[in-house]
Amino acid sequence: MTQNGKIPFVDLVIPHRELQEELVAAFRAALDTAGFIGGPAVEGFEREFAAFCDTKHCVGVSSGTDALRFALIAAGVKAGHVVLTVPLTFIATTEAISQAGALPDFIDIDPRTYTMDPEKLRQYLETHCVLDPKTGQYVHRVLGRPVTAVVPVHLYGQSADMDPILALAERYKLMVIEDACQAHGAEYFSKKENRWRKAGSMGQAAAFSFYPGKNLGACGEGGSVTTNDEGLARKVSMLRDHGQSKKYYHDIEGYNGRLDAIQAGILRVKLKHVSLWNEQRRICARRYNELLAPMKGLIGIPYEPSWSKPVYHLYVIRIAYREELQEHLTHAGIGTGIHYPIPVHLQKAYASRNWNRGDFPVSEEAADQILSLAMYPSLQSHQQSRVAEAIAEFAQIHSVI
Ligand SMILES: *Cc1c(COP(=O)(O)O)cnc(C)c1O
Numbered sequence: 036m037t038q039n040g041k042i043p044f045v046d047l048v049i050p051h052r053e054l055q056e057e058l059v060a061a062f063r064a065a066l067d068t069a070g071f072i073g074g075p076a077v078e079g080f081e082r083e084f085a086a087f088c089d090t091k092h093c094v095g096v097s098s099g100t101d102a103l104r105f106a107l108i109a110a111g112v113k114a115g116h117v118v119l120t121v122p123l124t125f126i127a128t129t130e131a132i133s134q135a136g137a138l139p140d141f142i143d144i145d146p147r148t149y150t151m152d153p154e155k156l157r158q159y160l161e162t163h164c165v166l167d168p169k170t171g172q173y174v175h176r177v178l179g180r181p182v183t184a185v186v187p188v189h190l191y192g193q194s195a196d197m198d199p200i201l202a203l204a205e206r207y208k209l210m211v212i213e214d215a216c217q218a219h220g221a222e223y224f225s226k227k228e229n230r231w232r233k234a235g236s237m238g239q240a241a242a243f244s245f246y247p248g249k250n251l252g253a254c255g256e257g258g259s260v261t262t263n264d265e266g267l268a269r270k271v272s273m274l275r276d277h278g279q280s281k282k283y284y285h286d287i288e289g290y291n292g293r294l295d296a297i298q299a300g301i302l303r304v305k306l307k308h309v310s311l312w313n314e315q316r317r318i319c320a321r322r323y324n325e326l327l328a329p330m331k332g333l334i335g336i337p338y339e340p341s342w343s344k345p346v347y348h349l350y351v352i353r354i355a356y357r358e359e360l361q362e363h364l365t366h367a368g369i370g371t372g373i374h375y376p377i378p379v380h381l382q383k384a385y386a387s388r389n390w391n392r393g394d395f396p397v398s399e400e401a402a403d404q405i406l407s408l409a410m411y412p413s414l415q416s417h418q419q420s421r422v423a424e425a426i427a428e429f430a431q432i433h434s435v436i
């Protein structure tokens, strides 16, 4: 709970303490058989996580980054292609695109949902891309390369607006790989299909991360690719294991990117609790919404479109005086985070691409103003009240409302 009255930004100790016996049993099961790589724990987890995501297949891999990279390669992204994503994401999204041999390019976000703006995707495809009749692919006029895939990011646990993205992808022959690394269990209401769809089940494939702080986290590294495409699942299985079709028969060059049996066993234990944890996160989000409502003029709270059932991996507010508020909360012993302070196109790693401030203004403004508050299933209402009180105190000192 609270240490010295401090409110931590994340609390990974409590859930592991509560599940300790089951987690230790999973570890012991791996020791007993000495089956550390592959085997029944990995296969069992893959079956169960596919069911959780409403997909036919799940392939366990060693991280969310590998999941993205393998999904892109298996879907058919090739060296020299252009792959579209958003600037407001973790750099793993664009690293995976580059490591698949492609060139990342960006579509700005919707200022309310922080996810890809489908209208801007449409403008990009209409103005920058032209059909090459020889290949049937759409080619970027300036870059001179085929644009073959789009990676919407379900940021903070909220699905991107997938219906229009999927419709554009179909029209422009783009593969869709969802970055669902923050969205285990999130749902999207598809008007087209008139049903709720799970994050990770809507594109050709999706990537999940089981980094410890994610809504479903391993006790170490882990990730998975989900898909309904059996051929794609088989390719990912080969890519994660040195391109083997069977032991020592390497049909392609692959990677060392497997999910290990200990993590799989641990993930099976935790998966049983994820729906409840997500519900607890939603309750915490509603409580924050109520507590912060009186400060509407100062604080922007997360926007939940009617088509979204988010899982609040993060609870992100917006304020023009972000640095000052963060400092005030730090002094009050209240942990916060910024996801992310620098949009990917302005990172030093991409200096050679010559992107500038102003290229993706919605992402840039968000990056300057967003602040993530403490959000985890064990967060207590009195802790949330203290966070809100500290924010109200800040507002009063600076008389900004
Ligand atoms: C965590 C995360 C990743 C990468 O996952 P790892 O398991 O850390 O490799 C990719 N994309 C997003 C949006 C993430 O939050």
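With this note's numbering applied, the sequence shown corresponds to residues 36 to 436, in that order. Cβ atoms here follow ideal geometry from the backbone N, Cα and C, with glycine treated the same way. None of these values were measured; they are calculated from a predicted model.
- Distances from the CB of Cys254 to the heavy atoms of ligand 1 are all 6 angstroms or more.
- Using a C-beta cut-off of 8 angstroms, the stretch 218-228 makes no contact with the stretch 53-67, since fewer than three inter-stretch Cβ pairs fall below that distance.
- Unbroken alpha helix (DSSP H) stretches of 4 residues or longer found wholly inside the stretch 115-141: 127-134, given in chain order.
- With a cutoff of 6 angstroms, Val45 does not count as near ligand 1, since its C-beta is closer than that to no heavy atom of the ligand.
- Membership of Ile405 in the beta strand (DSSP E) is indicated by the continuous run 405-408.
- Taken through DSSP and simplified to helix, strand or coil, Gly99 comes out as helix.
- Phe105 has no beta-bridge partner at all, per DSSP.
- Following the DSSP letters along the chain, one finds Val185 inside the beta strand (DSSP E) bounded by residues 182-185.
- Ligand 1 has a heavy atom closer than 6 angstroms to the beta-carbon of Gly99.
- A Cβ-Cβ contact shorter than 7 angstroms links Ala76 with Gly300.
- For Ile144, DSSP records a beta bridge to Met151.
- Short note on Asp214: C-beta closer than 6 angstroms to some heavy atom of ligand 1.
- Excluding residues up to 5 positions away in sequence, Ile126 lie with their Cβ nearer than 8 angstroms to the Cβ of Ala384 in the same chain.
- For the pair Leu123 and Ile352, the Cα-to-Cα distance works out to about 15 angstroms.
- In this structure, DSSP gives Asp46 a state outside helix and strand, which the three-state scheme calls coil.
- Scanning Ile336, Thr148, Ala137, Ala240 for the CA closest to the CA of Val94 turns up Ala240.
- When secondary structure is reduced to three states using DSSP, Thr365 falls in the helix class.
- DSSP lists Tyr173 as the bridge partner or partners of Leu166.
- Between ligand 1 and the CB of Phe80, the shortest heavy atom gap is not smaller than 6 angstroms.
- In this structure, the straight-line span from the alpha carbon of Asn389 to that of Pro247 is close to 34 angstroms.
- Asn229 is classed as exposed because its beta carbon has fewer than 16 other beta carbons within 10 Å across all chains shown.
- Not a single heavy atom of ligand 1 lies less than 6 angstroms from the C-beta of Gly74.
- Here Lys249 is not near Cys88, since their CB atoms are 7 angstroms or more apart.
- Ranked by Cα distance from Gly255, the first of Lys41, Leu58, Tyr207, Pro43 is Leu58.
- Bounds of the alpha helix (DSSP H) holding Arg303 are 296-327.
- Spanning the alpha carbons of Ser398 and His219 requires a straight line of approximately 23 angstroms.
- If the five residues before and after Ala320 are omitted, its C-beta is found closer than 6 angstroms to the C-beta atoms of Tyr347, Tyr350, all from its own chain and listed in chain order.
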